[in-house]
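Asks: Sharing a structure below in structure tokens format, with a few things to ask.
Number of protein chains: 2
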Amino acid sequence: MLRRCAPLRKRFAFVAGNDGKYGNADKNPASFRRRHAGHRRRQLLAGQDQPGLLGLVGPFGGCTAATILRALIDHPQRAGDPLSLTVNFCAPVAEGAFDLDVRLVKANRSSQHWCVEMTQGGGDVATLATAIFAERRPSWSHQQVVFPGAAPFEQARRFPNTPMTWTHQYDFRFVEGEPSFYGSPASPPLDAFSKQWIGDRAPRKIDMLSLMSMSDAFFGRVFLARQELMPFGTVSITTYFHTASDELAAEDITRVLAVADARIFHRSYGDQHGELWSPSGRLLATTTQIAYFKA
Amino acid sequence: MLRRCAPLRKRFAFVAGNDGKYGNADKNPASFRRRHAGHRRRQLLAGQDQPGLLGLVGPFGGCTAATILRALIDHPQRAGDPLSLTVNFCAPVAEGAFDLDVRLVKANRSSQHWCVEMTQGGGDVATLATAIFAERRPSWSHQQVVFPGAAPFEQARRFPNTPMTWTHQYDFRFVEGEPSFYGSPASPPLDAFSKQWIGDRAPRKIDMLSLMSMSDAFFGRVFLARQELMPFGTVSITTYFHTASDELAAEDITRVLAVADARIFHRSYGDQHGELWSPSGRLLATTTQIAYFKA
Numbered sequence: 001m002l003r004r005c006a007p008l009r010k011r012f013a014f015v016a017g018n019d020g021k022y023g024n025a026d027k028n029p030a031s032f033r034r035r036h037a038g039h040r041r042r043q044l045l046a047g048q049d050q051p052g053l054l055g056l057v058g059p060f061g062g063c064t065a066a067t068i069l070r071a072l073i074d075h076p077q078r079a080g081d082p083l084s085l086t087v088n089f090c091a092p093v094a095e096g097a098f099d100l101d102v103r104l105v106k107a108n109r110s111s112q113h114w115c116v117e118m119t120q121g122g123g124d125v126a127t128l129a130t131a132i133f134a135e136r137r138p139s140w141s142h143q144q145v146v147f148p149g150a151a152p153f154e155q156a157r158r159f160p161n162t163p164m165t166w167t168h169q170y171d172f173r174f175v176e177g178e179p180s181f182y183g184s185p186a187s188p189p190l191d192a193f194s195k196q197w198i199g200d201r202a203p204r205k206i207d208m209l210s211l212m213s214m215s216d217a218f219f220g221r222v223f224l225a226r227q228e229l230m231p232f233g234t235v236s237i238t239t240y241f242h243t244a245s246d247e248l249a250a251e252d253i254t255r256v257l258a259v260a261d262a263r264i265f266h267r268s269y270g271d272q273h274g275e276l277w278s279p280s281g282r283l284l285a286t287t288t289q290i291a292y293f294k295a
Numbered sequence: 296m297l298r299r300c301a302p303l304r305k306r307f308a309f310v311a312g313n314d315g316k317y318g319n320a321d322k323n324p325a326s327f328r329r330r331h332a333g334h335r336r337r338q339l340l341a342g343q344d345q346p347g348l349l350g351l352v353g354p355f356g357g358c359t360a361a362t363i364l365r366a367l368i369d370h371p372q373r374a375g376d377p378l379s380l381t382v383n384f385c386a387p388v389a390e391g392a393f394d395l396d397v398r399l400v401k402a403n404r405s406s407q408h409w410c411v412e413m414t415q416g417g418g419d420v421a422t423l424a425t426a427i428f429a430e431r432r433p434s435w436s437h438q439q440v441v442f443p444g445a446a447p448f449e450q451a452r453r454f455p456n457t458p459m460t461w462t463h464q465y466d467f468r469f470v471e472g473e474p475s476f477y478g479s480p481a482s483p484p485l486d487a488f489s490k491q492w493i494g495d496r497a498p499r500k501i502d503m504l505s506l507m508s509m510s511d512a513f514f515g516r517v518f519l520a521r522q523e524l525m526p527f528g529t530v531s532i533t534t535y536f537h538t539a540s541d542e543l544a545a546e547d548i549t550r551v552l553a554v555a556d557a558r559i560f561h562r563s564y565g566d567q568h569g570e571l572w573s574p575s576g577r578l579l580a581t582t583t584q585i586a587y588f589k590a
């Protein structure tokens, strides 16, 4: 049985690319660092010209979350598939290099519990994450929730670029609930539901990293509810993976059908919950988050 | 700005009562320990006569989660209201005393990020939790989700005791989806939705601790889907609080209306998502979890 002890800690220091692809298939942090040295670690949520949109947390969290997941998947002691990842965004992340302190807290035959802290320049913790990996043993299967379905990706209109430059990495095609950020603030708030295709702008086979990043690639529900942009930031996101890596690889897809909705906005915080589906109708991941908004 | 450093770590050692009430209104761990010394820390999920029902994780996690939340609320450096709590159950918890290693990872003017590790007898980490506290500043409010509504508590039938002794602490009254554990295994699986009132068997005013514990007090969705009990254990639970403490205190309620459902069971894991409502129709908390089941 593995125990928490010094040798299980491993420090990673690498820089993620600005292509939103969390290192592609390159599993070697050193090589990855060399290739991407000098690139910005993340895109800013709203670009530098609109610092008021940075919000509480800062740049796109999906890439940070995927980067953390990648560090875990690449860890020599990792066993099993990602089951759950929770990422708490403690402070804005600056451009440039960062350190990940990756710790295997507990492991047994069927699961592993990890804790990851991201810091920059030896400063405070900027991101705190916990993850669970598990052996996905065979069992009966049942999808209780119904596949939302949609017109094919090719028939849906590509969503135009927004001032949030991270969105340029994705090909969003809304089927329902396409947001409009530039109207008058809606009062009372509008329905926050949306259904959309999400793929990478440069098509890339969907893997666990894609699912993690895409699970944070919904627009803030509050933007849809109010029909305007405002300072906003995800505070915590949790994503559950409902597919084993081998099953996901066998899907061989480059896009997911995604739905997202909110239940409540109250006292400066709102929630979001979402689902990521394969085009063939398999539920691949579910996600939830709590986010700050400035009223 | 608070930093991660030794003085912010504080070790708690106290024993929770077996009354499912996570310390009642007593805020003093030492006094709490004295009052409850010798009591069992948690109820077993299925009692000692049915160890096959203990599952991956063991006894009722809601009490553990509430105990962790209580340690945070009582921490001298805590500021703001609970916003989010994620609890990862790493290993079964044995009866008896435990230690909580409570660490304030990062704080700023409006929020705090905490990490808590529970151990027993200096052994491996049994429970790993992260929490976020936040100042709930005023904003516009909007409930996107519709109050599910239900016949009044008094008109609903009290759910009979189950072999899972922790359930004896609660007064469950199902409005829809009352589970039946003793039929033939359902194939294909049944609908896993349920709507129910949840109160303490000995009525107790609902506070944040109640919400945390009750958010794990749904029966495993897989029990409803299959109409049978089986080895089962929550692996990770995340609960978001959508009310400030002062608002919750003003509600002055002793029960919540709760709904829960599952989206998928696959490769030995299934999810759950739920909502906890005040009888007056205010959404107090939302919760999600991923759980192991033995097929």
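As they're listed, the protein sequences go chains A and B. Counting in this note's numbering, the first sequence runs from 1 upward without gaps. Counting in this note's numbering, the second sequence runs from 296 upward without gaps. Think of the CB as a built atom: it goes at the ideal place given N, C-alpha and C, for glycine as much as any other residue. Owing to the predicted nature of the structure, the values given are computational and were not obtained by experimental measurement.
1) Taking the continuous alpha helix (DSSP H) assigned at G356(B), which residues delimit it?
2) Determine the closest residue to Y240(A) out of Q77(A), P82(A) and G62(A), with distance taken between C-alpha atoms.
3) What does the alpha-carbon distance come out to for the pair G55(A) and F476(B)?
4) Under the assumption that T533(B) contacts T288(A) (Cβ atoms under 8 Å), give the Cβ distance between them as a whole number of angstroms.
5) Could you tell me whether the stretch 405-414 of chain B touches the stretch 369-384 of chain B, where touching means 3 or more Cβ pairs closer than 8 Å?
6) Residues of the stretch 488-506 of chain B with a CB closer than 7 Å to any CB of chain A: list them in chain order, please.
7) With 16 other CB atoms within 10 Å as the buried threshold, where does D495(B) fall?
8) Report the residue ranges of all beta strand (DSSP E) runs contained in full by the stretch 433-490 of chain B; include only those spanning at least 3 residues, in chain order.
9) In three-state DSSP terms, what is L85(A)?
10) When the Cα atoms are used, what is the spatial distance from F428(B) to S379(B)?
11) Measuring only between beta-carbons, confirm whether Y535(B) sits less than 7 Å from chain A.
12) Unbroken alpha helix (DSSP H) runs of length 4 or more, entirely within the stretch 495-566 of chain B: which are they?
13) Give the DSSP-derived three-state secondary structure of Q372(B) in the structure shown.
14) Cutting at 7 Å between CB atoms, please list the residues of its own chain near I198(A), excluding the five before and the five after it.
15) When the Cα atoms are used, what is the spatial distance from Q439(B) to A250(A)?
16) Considering only DSSP beta bridges, list what C90(A) is partnered with.
17) In this structure, does DSSP put G417(B) in helix, strand or coil?
18) If I measure Cβ to Cβ from L283(A) and keep anything under 7 Å in the same chain, skipping five residues before and after, which residues do I get?
19) Would D419(B) be called buried (16 or more neighbouring beta carbons within 10 Å of its own) or exposed?
20) Whose Cβ in chain A lies nearer than 9 Å to the Cβ of S563(B)?
21) Starting from A586(B) and walking both ways along the beta strand (DSSP E), at which residues does that stretch end?
22) Going along the chain, which residues of its own chain have a beta-carbon closer than 7 Å to the beta-carbon of N487(B), five neighbours each way excluded?
23) If you check the beta carbons only, do A129(A) and V102(A) fall under 7 Å apart?
24) When you compare only the Cα positions, how much space is there between L229(A) and E176(A)?
25) F384(B): which of A366(B), G444(B) and T414(B) sits nearest, CA to CA?
26) Nearest-angstrom Cα distance between P92(A) and P59(A)?
27) Look at the Cβ atom of F232(A), then the Cβ atom of F293(A), and state whether they are nearer than 7 Å.
28) Just mark Q62(A) as buried or exposed, buried being the case when its beta carbon has 16 or more other beta carbons within 10 Å.
29) Just to confirm, is the Cβ distance from R562(B) to S139(A) under 7 Å?
30) Compute the beta-carbon to beta-carbon distance between A361(B) and M507(B), rounded to the nearest angstrom, for a pair I have assumed lies under 8 Å.
31) Hey, does R558(B) have any beta-carbon neighbour from chain A nearer than 7 Å?
32) Going by CA-CA distance only, name the one from L72(A), E247(A) and S280(A) that's closest to P152(A).
33) Compare the C-beta of L248(A) with all C-beta atoms of chain B and state if any pair is closer than 7 Å.
34) What are the residues of the stretch 115-129 of chain A that lie near chain B, defined by any Cβ-Cβ distance shorter than 7 Å?
35) Specify the secondary structure class of R103(A) as computed by DSSP and reduced to three states.
36) Have a look at A156(A), A150(A) and E178(A) and flag the residue whose alpha-carbon is nearest the alpha-carbon of T162(A).
Replies: This is what the structure holds:
1) Position 61 of the second sequence, counting from 1, holds the residue named residue 356(B). Run containing G356(B): G356 to I368, per the alpha helix (DSSP H) assignment.
2) For the purposes of this step, residue 240(A) is taken as residue 240 along the first sequence, with counting starting at 1. The shortest C-alpha to C-alpha distance from Y240(A) to any of Q77(A), P82(A) and G62(A) is the one to P82(A).
3) The sequence position of residue 55(A) within the first sequence is 55, counting from 1. The sequence position of residue 476(B) within the second sequence is 181, counting from 1. A caution first: G55(A) carries a pLDDT of 33, below 50, which makes its placement in the model too unreliable to give a value.
4) Translated into positions along the second sequence, residue 533(B) becomes position 238. Translated into positions along the first sequence, residue 288(A) becomes position 288. A Cβ-Cβ distance of about 7 Å is found for the pair T533(B) and T288(A), placing them in contact under the 8 Å criterion.
5) Between the stretch 405-414 of chain B and the stretch 369-384 of chain B, the count of Cβ pairs shorter than 8 Å is three or higher; the stretches touch.
6) So nothing in the stretch comes that close.
7) Residue numbering aside, residue 495(B) sits at position 200 when the second sequence is read from its first letter. Under this definition D495(B) is a buried residue.
8) Complete beta strand (DSSP E) runs here, min 3: 465-471.
9) The residue given as residue 85(A) occupies position 85 in the first sequence. Strand.
10) The residue you call residue 428(B) lines up with position 133 of the second sequence. The residue you call residue 379(B) lines up with position 84 of the second sequence. Whole-angstrom Cα-Cα distance: 7 Å.
11) Taking the first residue of the second sequence as position 1, residue 535(B) is located at position 240. It does; some Cβ of chain A falls within 7 Å.
12) Secondary structure in the stretch 495-566 of chain B: the alpha helix (DSSP H) runs of 4 residues or longer, each lying completely within the stretch, are 503-509, 516-521 and 540-546 in chain order.
13) Your numbering for residue 372(B) matches position 77 in the second sequence. Note: Q372(B) maps to coil in three-state DSSP.
14) Here residue 198(A) is taken as the residue at index 198 of the first sequence, counted from 1. Hits under 7 Å: Y170, F172, M214, A217, R255, V256 and A258.
15) Counting from 1 along the second sequence, the entry for residue 439(B) is found at position 144. Counting from 1 along the first sequence, the entry for residue 250(A) is found at position 250. Distance between the alpha carbons of Q439(B) and A250(A) is about 37 Å.
16) Residue numbering aside, residue 90(A) sits at position 90 when the first sequence is read from its first letter. The partner list for C90(A) (beta bridge, DSSP) is empty, contrary to what the question assumes.
17) In the second sequence, the residue the question calls residue 417(B) occupies position 122. Residue state, collapsed to three classes: coil.
18) Counting from one through the first sequence, the residue named residue 283(A) turns up at place 283. Cβ neighbours of L283(A) beyond the five flanking positions: Q143, V145, H242, E275 and W277.
19) Residue 419(B) sits at position 124 when you count from the first residue of the second sequence. Buried: at least 16 other Cβ atoms inside 10 Å.
20) Along the second sequence, one-based indexing puts residue 563(B) at 268. Residues of chain A passing the Cβ test: S110, A134, E135, R136, R137, P138 and S139.
21) Looking up residue 586(B) in the second sequence gives position 291. Here the beta strand (DSSP E) through A586(B) covers L578 to F588.
22) The sequence position of residue 487(B) within the second sequence is 192, counting from 1. For the record, residue 487(B) in the displayed sequence is Ala; it is not Asn. If you ignore the 5 residues before and after A487(B), its C-beta comes within less than 7 Å of the C-beta of R516, L519, A520, D556 and A557, all in its own chain and listed in chain order.
23) Here the question's residue 129(A) lines up with position 129 in the first sequence. Here the question's residue 102(A) lines up with position 102 in the first sequence. The answer is no: Cβ separation not under 7 Å.
24) Residue mapping note: residue 229(A) aligns to position 229 of the first sequence, counting from 1. Residue mapping note: residue 176(A) aligns to position 176 of the first sequence, counting from 1. Between L229(A) and E176(A), the C-alpha separation is close to 19 Å.
25) Working through the second sequence from its first residue, we reach residue 384(B) at position 89. Looking only at A366(B), G444(B) and T414(B), the smallest Cα-Cα distance to F384(B) is reached by T414(B).
26) Residue 92(A) sits at position 92 when you count from the first residue of the first sequence. Residue 59(A) sits at position 59 when you count from the first residue of the first sequence. Their Cα atoms are separated by approximately 7 Å.
27) Within the first sequence, numbered from 1, the residue matching residue 232(A) stands at position 232. Within the first sequence, numbered from 1, the residue matching residue 293(A) stands at position 293. For F232(A) and F293(A), yes; Cβs fall inside 7 Å.
28) Translated into the one-based positions of the first sequence, residue 62(A) becomes position 62. Correcting the residue type first, residue 62(A) is Gly in the shown sequence and not Gln. Burial is judged here by how many other beta carbons sit within 10 angstroms of a residue's own beta carbon; G62(A) has at least 16 and is buried.
29) For this step, residue 562(B) is matched to residue 267 along the second sequence. For this step, residue 139(A) is matched to residue 139 along the first sequence. Between R562(B) and S139(A), the gap from beta carbon to beta carbon is short of 7 Å.
30) In the second sequence, residue 361(B) corresponds to position 66, counting from 1. In the second sequence, residue 507(B) corresponds to position 212, counting from 1. The pair is a contact, with the Cβ atoms about 4 Å apart (cut-off 8 Å).
31) Along the second sequence, read from residue 1 onward, the residue named residue 558(B) stands at position 263. Interface residue, yes.
32) Within the first sequence, residue 152(A) is the residue found at index 152, counting from 1. Out of L72(A), E247(A) and S280(A), the CA that lies nearest to the CA of P152(A) is found in S280(A).
33) As a first step, residue 248(A) must be located in the first sequence, where it is residue number 248. Not one chain B Cβ lies under 7 Å of L248(A).
34) Those residues of the stretch 115-129 of chain A that come within reach of chain B (Cβ to Cβ, closer than 7 Å) are C115, D124, V125 and L128.
35) Reading the first sequence from its first residue, position 103 is the one you call residue 103(A). R103(A) sits in a strand when the DSSP states are folded into three classes.
36) Here residue 162(A) corresponds to residue number 162 of the first sequence, with the count starting at 1. Ranking the options by Cα distance to T162(A), first place goes to E178(A).
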